[in-house]
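Take a look at the structure below.
There are 2 protein chains.
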Amino acid sequence: MGVTKSENFTVEQNELAILAKAIGHPARIAIIQYLIKVKSCVCGDIVNKLPLSQPTISQHLKELKNAGLIKGTVEGNTICYCLDEAGFSKIKAFTEHLNLYFENQNNQCC
Amino acid sequence: MGVTKSENFTVEQNELAILAKAIGHPARIAIIQYLIKVKSCVCGDIVNKLPLSQPTISQHLKELKNAGLIKGTVEGNTICYCLDEAGFSKIKAFTEHLNLYFENQNNQCC
DNA sequence: TTTGTATATTGCAATATTACGATATAAATA
DNA sequence: TATTTATATCGTAATATTGCAATATACAAA
């Protein structure tokens, strides 16, 4: 099929899945890492930083934006992108659960 | 195409992408959440906990295992699954970078 | 040994994703 | 106004993912 049965899962599970899926591509990881590295918004040079064509990068940026992981602000001719805390804070809550799990792994069996 | 140009990105970027992609499905989130909740291995009742067929769940478990996010141990007739710290520790390192970014967001522009 | 139980694999149909050339749009500049 | 520059959208081909029925495998129990 190729179609995910979203209706069988909770809103939270679907939200987390959408976020993780959006992160799940090396080009989108590279975009996120670049935005972390420069420590601010980036106006208009992302295309030059990635080994993909302009339409492809535009598509990846759109997906990150749809997932709530980056924000884009029109700045005259160019667009300024930066990380969006909204999306990442949901991931943070999830990973903190995981950290707690591994810190208290008393009853492990395998 | 549908084929990711992995060779254009770093090993780290590809590894992270594979991990995030594996998490990026509500059924696999549900499996992870269930393993967190029961706080131990789970032997043989995952199929009853999810609203998907047995072959589909088997496939999702395989993907989580391939990504290094869960471990499975054969226990007679059943298989015991638990979370695998190996995979999650890589994600932890990545999210900690992000946390630092948002804690020091002095030079934000959008 | 036969039967039951749990999980994996195969095969396939439907849909999603990735990538990019061509083209559109919109602002900046000459 | 015409041209350049930056980004988005469209259309399409190739490949990947999702889901399940059917079947296989492997151990357990009768």
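Protein chains in written order, with full-length UniProt numbering: chain F, 1 to 110; chain B, 1 to 110.
From the three backbone atoms N, C-alpha and C, an ideal C-beta is built for every residue, glycine too.
_Counting C-beta neighbours from all protein chains within 10 Å, is the total for F:Cys45 16 or more, i.e. buried, or is it exposed?_
Checking the sequence shown, residue 45 of chain F turns out to be Asp, not Cys. Exposed, since its Cβ has fewer than 16 Cβ neighbours within 10 Å.
_8 angstroms Cβ shell around F:Ile29 - same chain, five flanking residues per side excluded_ = Ile23
_Start-to-end residues for the beta strand (DSSP E) that takes in B:Lys71_ = Ile70 to Glu75
*asked:* Would B:Ile36 and F:His25 be called neighbours here (beta carbons separated by less than 8 angstroms)?
replied: no
*Which chain B residues are close to F:Lys92, counting only those with a beta carbon under 8 angstroms from its beta carbon?*
Residues of chain B passing the Cβ test: Thr95, Leu98 and Asn99.
*asked:* Is the separation between the beta-carbon of F:Tyr81 and that of F:Leu61 shorter than 8 angstroms?
replied: For F:Tyr81 and F:Leu61, yes; Cβs fall inside 8 angstroms.
*DSSP three-state call for B:Leu50: helix, strand or coil?*
coil
*B:Leu83 bridges to which residues according to DSSP?*
Its beta-bridge partners are B:Ile70.
*asked:* Quick check: the Cα distance between F:Asn104 and F:Ala86, rounded to an integer number of angstroms?
replied: 28 angstroms
*Just the chain B side, please: which residues come within less than 8 angstroms of F:Leu83 by C-beta, in chain order?*
Contacts between F:Leu83 and chain B, judged by CB atoms closer than 8 angstroms, involve Leu98, Tyr101 and Phe102 in chain order.
*Select from the region 17-32 of chain B all residues with a C-beta closer than 9 angstroms to any C-beta belonging to chain F, and list them in chain order.*
Ala17, Ile18, Leu19, Ala20, Lys21, Ala22, Ile23, Gly24, His25, Pro26, Ala27, Arg28, Ile29, Ala30 and Ile32
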